[in-house]
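Some notes on the structure that comes next.
Below, the structure written as structure tokens:
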């Protein structure tokens, strides 16, 4: 049977469609030619028939050879492809790992084997032979795209094919190292400024000034040499620095200890000097880096000095230091210059809008009323932006009093009304805050963001407006009302002076923010209070404004009863999660705790009326609560701070606060050593 099948088997070329078509075409032409030949002449037909048979035999033979050669070529090619696939899996520089349904290793190629610490890999679960790799695979099992991750001291590009349970791993450690090296060798530019050199050196002899300058320069030089930093002194109180990002990372690990070194060293010489540092990195344009470094230095100075501000291009600012009370540096000359600049800006505006912060206090309202009066004294139309939300009892009493003053009452408008009234020539003045996100008129800010003036006594934060027309930020002042009161001394004497209610509101703002002249109070504070008293401030009304109603008084005392001590000197109040408290009431509870012997800092964690968790912090200056609040997304200054936390319960926020306090205390102890 086999022979019969072989005898009657079709020629190989018949299986090839193209060759079969050629053979049929040739055969048809031969048949046609033979028919014509036989019709023409019998003998010619016979001769052509013989020739056709011989030719057809050789054509079929050659077609079979062509088909056979093609089959042989395909067989060799298939063999080479299969062999190449096998050799590539075994020898290519790409790790291949195949798992079974139980996460056992079914097979790995030889390239990947050396990365495992054990020789026996196949047949064991991936978690047994490489726990970290197993965790990576589990974490990214549903990921369709390739991803990069570190494992076993190497950096890999992973691709997981779930349907085949196959993991491909390309070692890109060399390229990752190059990327890290590239990032580390980027340039960082910085500015160093001696905060109070002019003030300290005024009472010093030339020799003492020279010795102090040499001491600071030597310390900075030692610090620069230790970290590979290029340092150049520009003038007596200004230095320029340049370094690699790697050096900056090392300095950050050291928490900019040079700030403490120079402060402590100069204190021992009875000439205390503090530094402010601004550093920028992350941009290839050195001019933009220099501008950003100067901006960061301005931010450090605006926050009170004695600190470093580090910020990458398009990144968030990082703060170091700022552990001391800011030193008084503002002068009456600066107050006069700011006042004249403000009056000039008012003169170019068609309307003026005063924006206080949300949950306003007496300092915010007193400052707003003061600015409104200054605008009126200069013949300008001015509005106080206020959304009639729930306010504390002191503000409610003030609003009731304002009803007796129609001109003030008519100037109070909502933020929506302000947006409608505002034009491109209008001016927006932010008082008692410098963060547009906590202001009342956020929509108005979006419309007038290039026509903004800031008057504030809090330390400057990262959310500071980009291009204010005028910024009067003095963290050395007790209150915004104090700053604005000084402006009245430079107004026209022929204009209508402030009325009794305005003077009373502004003096109440100073009393509240200084806790009855016991906190952040300087000679300028008493001068401002004296001016307001002579302008008609009513002491009895101040006492009336500051009185608590029974509900708030009981709530404040209830909060105090919940106090627990994190340490001997840190008190924390954790309120109930399902009870809402007024922000002012909560703040007063921690103010009261500072009067307890031994308490250096107090915190309250409570549920706000807007549903968020609020944290208020107070300190006697021994602990910088601003730094703690900034780590939680808030801000403030050395002795007072606050923040808001979303999507957390009060106990969770309290636990987060306690962890942050402990970390800050540990950092302070390490810096002290």
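In UniProt numbering, the protein residues as written are 1 to 673. Glycine included, every Cβ here is placed at the ideal spot set by N, Cα and C. These numbers come from a predicted model, not from an experiment.
Considering only 622, 245 and 379, the residue with the shortest C-alpha distance to residue 181 is 245. When only Cα atoms are considered, residue 612 and residue 501 end up about 34 Å apart. The region 274–302 is shown to contain whole alpha helix (DSSP H) runs of 4 or more residues at 286–302, in chain order. For residue 122, the three-state secondary structure derived from DSSP is coil.
Distances from the CA of residue 253 to each of 658, 227, 214 and 66 were compared; the closest alpha carbon is that of 227.
Counting only unbroken stretches of 3 or more residues, the beta strand (DSSP E) elements lying wholly within the region 513–574 are 563–565 and 570–574, in sequence order. With at least 16 other beta carbons inside 10 angstroms of its own, residue 359 counts as buried.
Per the coordinates, the alpha-carbon of residue 395 lies some 14 Å from the alpha-carbon of residue 384. Taking C-alpha positions only, residue 387 is separated from residue 414 by approximately 5 Å. For the 8 Å CB-CB criterion, residue 259 and residue 306 form a contact. For the 8 Å CB-CB criterion, residue 587 and residue 484 do not form a contact. Per DSSP, the beta-bridge partners of residue 240 are 191 and 232. According to the DSSP assignment, residue 447 belongs to the alpha helix (DSSP H) that extends over 442–447. Apart from the 5 residues on each side of it in sequence, residue 600 sits with its Cβ closer than 6 Å to the Cβ of 569, 620, 622 and 623 in its chain, given in chain order. With a threshold of 16 other beta carbon atoms within 10 Å, residue 605 meets it and is buried. With three or more CB-CB distances shorter than 8 Å, the region 463–477 counts as touching the region 426–435. Straight-line measurement puts the Cα of residue 546 at about 10 Å from the Cα of residue 392. With contact defined as three or more Cβ pairs closer than 8 Å, the region 189–197 and the region 235–243 are in contact. Exclusion of the five residues before and after residue 537 leaves 503, 504 and 507 as the residues of its chain whose Cβ lies within less than 6 Å of its Cβ.
In the displayed model, residue 161 falls within a strand according to three-state DSSP. Contact between the region 310–317 and the region 273–281 is present: 3 or more CB-CB pairs across the two stretches fall below 8 Å.
Note on geometry: alpha-carbon atoms of residue 516 and residue 609 lie some 28 Å from one another.
Relative to the Cα of residue 222, the nearest Cα in the group 11, 251 and 204 belongs to 251. Closest in C-alpha terms to residue 33, from the list 12, 20, 47 and 22, comes 47. Leaving aside the five residues that flank residue 640 on each side, the residues in its chain whose CB is nearer than 6 Å to its CB run, in chain order, 618. Per DSSP, the continuous beta strand (DSSP E) segment holding residue 607 begins and ends at 601–607. Pairing residue 204 with residue 215, the inter-Cα distance amounts to about 15 Å. In the displayed model, residue 348 falls within coil according to three-state DSSP, outside both helix and strand.
In the DSSP assignment, residue 32 falls within the alpha helix (DSSP H) that extends over 17–40. Shown here, residue 580 sits in a strand according to DSSP, grouped into three states.
Burial is judged here by how many other beta carbons sit within 10 angstroms of a residue's own beta carbon; residue 41 has fewer than 16 and is exposed.
Per DSSP, the continuous alpha helix (DSSP H) segment holding residue 197 begins and ends at 197–201. The Cβ atoms of residue 154 and residue 111 do not sit closer than 8 Å to each other. For residue 464, the secondary structure class from DSSP, reduced to helix, strand or coil, is coil.
Rounded to the nearest whole angstrom, the CA to CA distance from residue 59 to residue 44 is 22 Å. Setting aside the 5 residues that flank it on each side, residue 337 has no residue in the same chain whose C-beta is closer than 6 Å to its C-beta.
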